[in-house]
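One structure is given here, and the rest of the page talks about it.
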Amino acid sequence: MTFASLHASAIDVLARFDARTDADDALRHTVLAFLDAQPNACARANVPGHITASVVILNEARTHVVLTHHPRVGEWLQLGGHCEDADSTVAAAALREGHEESGLADLVLDADLLTLHTHPIRCSLGVPTRHLDLRFRAFAVGAGTPELAISDESNDLRWWPVDALPESAEHTTVAHQVRAALARD
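Plus 1 on top of the position in the sequence shown (first one is 1) and you've got my numbering.
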């Protein structure tokens, strides 16, 4: 695939996104305008900012969520990262990131956008940029909390009870994502 197909898929999921709040709808329009202005918006080399893909992974019982202790950010976050030109869609990028960062082989992805977020960061480019993060939901197949395999992209990785998330600077953002994931049928 190409970054052009990723670009088109980002526009598609944002066009179909059912924003639950006015703030989410305003951010949706902001990201759509960014995509319109930046034809290479899905490539990490796009210095003004780039689309990233994240996944909130729940167990089948919806009692636990996978979080990674991110080495660059130093906080507990959902799994995710940069799109790659081999990804067919932004949702496929989120699923790939989920597999790579959790070690879970059997994930069922909901291809509809769950939430979105934008934040400044100094990522692998080594210069200040902005991530425009499209976030999806997936379920880990299997009873209980399937075994995780930590990758080199994480300081720590674990299942957290959805009602006892870790306290951190990102607690509000993570809790919002988990609530959104649990509210969707």
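Note that the Cβ used here is the ideal one computed from N, Cα and C, for glycine as well.
| Item | Value |
| --- | --- |
| Using alpha carbons as the reference points, say which of A106, V56 and L133 lies closest to F35. | L133 |
| Tell me the DSSP secondary structure of L149 in three-state form. | coil |
| Are three or more beta carbon pairs between the region 91-106 and the region 165-182 nearer than 8 Å? | no |
| Taking contact to mean 3 or more Cβ pairs, one atom from each stretch, closer than 8 Å, check whether the region 15-32 and the region 55-72 are in contact. | no |
| How is F35 classed by DSSP in three states: helix, strand or coil? | helix |
| Rounded to whole angstroms, what is the Cα-Cα separation between A20 and D186? | 15 Å |
| Would you please verify whether the beta carbon of R159 is less than 8 Å from any beta carbon of chain C? | Of the chains in the structure shown, none is chain C; there is only one protein chain. |
| Three or more C-beta pairs under 8 Å: does that hold for the region 99-114 against the region 136-154? | yes |
| Hey, could you find the ends of the beta strand (DSSP E) G81 is sitting in? | L80 to H83 |
| Within its chain, find whatever has a CB closer than 6 Å to the CB of N60; leave out the 5 residues flanking it on each side and keep chain order. | A141 and T146 |
| Taking only three categories from DSSP, how would you classify A94? | helix |
| With distances taken from CA atoms, which of L7, S55 and W77 is nearest D88? | L7 |
| So who's on the other strand from I58, going by DSSP bridges? | A139 |
| Compare the Cα-Cα distances from L117 to each of F4, R73 and R17 and report the closest residue. | R17 |
| What is the residue span of the beta strand (DSSP E) that T116 lies within? | L108 to R123 |
| What is the DSSP secondary structure of V175, reduced to helix, strand or coil? | helix |
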